[in-house]
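Protein chains: 4
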Amino acid sequence: MQHVRESFGRQKAMTLIGASLSALEAGRAEVSLPYRPEITQQKGYVHGGIIGMIADNACGYAAYSLMPASASLVTVEYKINILAPARGSLVAKGEVIKAGRTLTVTRAEVYADDGTHVASMQQTLMMLANTPDTPE
Amino acid sequence: MQHVRESFGRQKAMTLIGASLSALEAGRAEVSLPYRPEITQQKGYVHGGIIGMIADNACGYAAYSLMPASASLVTVEYKINILAPARGSLVAKGEVIKAGRTLTVTRAEVYADDGTHVASMQQTLMMLANTPDTPE
Amino acid sequence: MQHVRESFGRQKAMTLIGASLSALEAGRAEVSLPYRPEITQQKGYVHGGIIGMIADNACGYAAYSLMPASASLVTVEYKINILAPARGSLVAKGEVIKAGRTLTVTRAEVYADDGTHVASMQQTLMMLANTPDTPE
Amino acid sequence: MQHVRESFGRQKAMTLIGASLSALEAGRAEVSLPYRPEITQQKGYVHGGIIGMIADNACGYAAYSLMPASASLVTVEYKINILAPARGSLVAKGEVIKAGRTLTVTRAEVYADDGTHVASMQQTLMMLANTPDTPE
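So the sequences go chain by chain: A, B, C and D.
1 is the number of the first residue of the first sequence in our numbering; add one for each residue after it.
1 is the number of the first residue of the second sequence in our numbering; add one for each residue after it.
1 is the number of the first residue of the third sequence in our numbering; add one for each residue after it.
1 is the number of the first residue of the fourth sequence in our numbering; add one for each residue after it.
Pasting the structure below:
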């Protein structure tokens with residue numbers, strides 16, 4: 001799983017919002033995001049796009065955990081429903097639904113620390129075999 | 001359009017990533033995002049979740065531009081396809097497809113400053129009549 | 001649950017493709033579709049749009065099972081991933097993720113009779129209170 | 001474009017619902033569906049899943065029009081917003097947004113014959129090079 005942790009570690013955008021990879025196993029990944037005023041929208045809730053960011057990453061690294069370190073991964077598309085206003089710290093739990101040769105389909109659930117189910121995502125990723133997962 | 005600009009101005013998450021509302025007319029909004037290393041993913045491209053954030057906002061404020069200042073707006077869901085790696089500064093252009101009494105459907109296109117079509121979003125929003133668009 | 005069964009019974013499109021409501025409980029519904037050459041696409045698999053039809057209905061009636069008979073329901077949007085070619089008879093299993101006052105979010109999984117996981121859907125519906133669920 | 005017309009012609013599901021390929025050019029396809037009571041849902045409108053079927057096909061054949069006859073095409077996923085109740089005959093207009101080497105992204109708009117904008121779809125397809133587009 002070292003390639004997953006290293007890839008996450010290179011994501012400066014995760015550092016910017018303060019998110020970390022809090023759990024990882026084959027086909028599953030969890031991204032945690034402590035509450036900070038800097039990540040909120042106009043009403044003081046966590047921004048829907050920020051929720052999408054951590055769900056996208058939880059899905060992507062769940063998928064990457066099943067791939068060889070020699071491969072790279074790109075997000076093809078994702079769809080997210082915001083189910084409730086996001087107050088407080090969040091955790092996004094991603095899992096693989098179908099790992100195909102080229103495409104992988106994943107889902108994530110996002111929860112607030114009071115247990116509220118905040119969002120649900122369904123995502124498609126494409127594996128790029130023998131492609132470095134680092135800057136060109 | 002003052003209520004749209006004020007609402008965008010209250011989004012601390014936009015300040016965090018460095019995005020601004022660069023154009024606005026009835027049913028259309030544009031969000032611009034200068035390139036910075038802080039918003040990148042593991043390969044040095046702009047993070048897909050960050051692309052989602054500005055597209056989500058371009059859509060949302062396109063919708064809000066057609067609503068009264070007494071109303072508030074929530075994102076129900078969005079779906080985004082990432083069409084190409086995002087290098088450089090970005091602009092997300094949102095527009096309203098259908099403005100209903102309760103629900104509004106929007107789309108956004110995201111372009112890089114070299115003209116690359118980076119992403120396409122389709123989104124659903126719900127208007128909350130007579131609801132403050134400010135923290136409780 | 002009588003209002004759910006009656007509503008499904010009025011769907012002539014379900015009769016056309018040969019689908020039936022095979023299971024129903026609060027928050028869950030199952031739609032079954034026997035294989036017939038008439039529902040196939042160019043390669044002889046069940047058409048992706050037909051898979052979408054039964055998943056859409058499994059989701060919709062899962063949602064309707066939690067609503068009063070005086071209400072009507074409209075599909076706002078759905079997103080479906082086709083995970084594998086669909087051979088043989090199918091069953092779509094829908095369930096409610098979040099039942100809100102106005103909006104309900106649901107999911108469905110579609111399986112073939114050999115156990116293959118054929119598709120995954122995520123859907124949004126809107127309740128119309130005190131609205132007949134019958135032709136005008 | 002002969003391979004596109006032949007592929008559509010093999011789709012028995014299109015015959016079942018009464019749909020035809022009414023226009024075709026490079027990167028664009030149109031599917032027409034005359035109104036019939038057999039394709040309706042519980043309130044007498046055209047079924048949302050049927051709308052999805054013709055939009056899925058308009059998108060898919062728009063994509064296939066840009067591919068060689070030696071290739072086959074699979075739907076990866078689609079997302080559709082139903083914008084208005086569908087009364088009367090329908091036409092789905094599909095077009096390619098991005099034609100990649102492996103993946104193609106498309107959109108479709110569905111209109112009723114009174115001009116109502118009924119639905120909007122965004123879809124992802126995958127090309128299978130050197131694969132017959134016929135039953136095994």
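Idealized CB from N, CA, C, for every residue including glycine.
Within chain B, not a single residue places a beta-carbon under 7 Å from that of residue 91 of chain D; the smallest gap is close to 17 Å.
For residue 98 of chain A, there is no enclosing alpha helix (DSSP H); the residue is part of the beta strand (DSSP E) that begins and ends at 90-99. Between the stretch 46-57 of chain A and the stretch 40-58 of chain B there are three or more inter-stretch CB-CB distances shorter than 8 Å, so the stretches are counted as touching. For residue 15 of chain C, the enclosing alpha helix (DSSP H) has its first and last residue at 12-17. Contact between the stretch 87-106 of chain D and the stretch 85-101 of chain C is absent, with fewer than three C-beta pairs closer than 8 Å. With a 10 Å radius around the Cβ and a threshold of 16 neighbouring Cβ atoms, residue 23 of chain B comes out exposed. Residue environment: residue 133 of chain C is assigned as buried (16 or more neighbouring CB atoms within 10 Å of its CB, all protein chains considered). Within the stretch 26-85 of chain A, complete beta strand (DSSP E) segments of at least 3 residues are found at 28-33, 72-82, given in chain order. Here residue 6 of chain B carries a helix assignment [DSSP, helix/strand/coil]. When C-beta distances to chain D are compared with 8 Å, the residues of the stretch 64-96 of chain A below that value are 76, 77, 79, in chain order.
In chain order, 71 place their CB closer than 7 Å to the CB of residue 129 of chain C, counting only its own chain and leaving out the 5 sequence neighbours on each side. Here DSSP, grouped into helix, strand and coil, assigns residue 127 of chain A to strand.
Leaving aside the five residues that flank residue 123 of chain D on each side, the residues in its chain whose CB is nearer than 6 Å to its CB run, in chain order, 59, 78, 106. About 6 Å separates the CB atoms of residue 36 of chain C and residue 18 of chain C; that is less than 8 Å, so the two are in contact. Against chain C, the beta carbon of residue 127 of chain B has no neighbour under 9 Å; the closest one sits roughly 11 Å away. Taking the CA atoms as reference points, residue 12 of chain B sits about 41 Å from residue 65 of chain C. Cβ proximity to chain B below 9 Å picks out 102, 103, 105 from the stretch 100-121 of chain C.
Scanning chain D for C-beta atoms nearer than 7 Å to the C-beta of residue 34 of chain C yields nothing, as the closest lies near 14 Å away. Residue 85 of chain B places its beta carbon 9 Å or farther from that of residue 31 of chain B. Residue 109 of chain C: member of the beta strand (DSSP E) spanning 103-112, first to last residue. Here residue 120 of chain A has 80, 81, 83, 107, 108, 109, 110 as same chain residues with Cβ atoms under 8 Å from its own Cβ, once five neighbours each way along the sequence are excluded.
Sorting C:33, C:98, C:99, C:75 by C-alpha distance to the C-alpha of residue 113 of chain C places C:33 at the top.
Looking from the CA of residue 99 of chain B, the closest CA among B:39, B:21, B:28 belongs to B:28. Around residue 95 of chain D, the same chain offers 27, 28, 62, 106, 107 as residues with beta carbons nearer than 7 Å, after the five sequence neighbours per side are excluded. In the displayed model, residue 121 of chain C falls within a strand according to three-state DSSP. Using a Cβ-Cβ cut-off of 9 Å, residue 130 of chain B does not count as an interface residue toward chain A, since no Cβ of chain A sits closer than that to its own. Rounded to the nearest angstrom, the gap between the Cα atoms of residue 74 of chain D and residue 116 of chain C is 17 Å. For the stretch 3-21 of chain A, residues whose beta-carbon sits nearer than 9 Å to a beta-carbon of chain B comprise 6, 7, 8, 9, 10, 11, 12, 13, 14, 15, 16, 17.
In the same chain as residue 69 of chain D, and ignoring 5 residues on each side of it, the C-beta atoms closer than 7 Å to its own belong to 3, in chain order.
Put simply, the CB of residue 134 of chain D is far from chain A, with every gap to its CB atoms at 9 Å or more.
Counting only the Cα atoms, residue 102 of chain D lies some 23 Å from residue 42 of chain B. Looking at the backbone, the Cα of residue 57 of chain B and that of residue 10 of chain B are separated by about 13 Å.
Residues of the stretch 38-56 of chain D whose Cβ lies closer than 8 Å to any Cβ of chain B: none.
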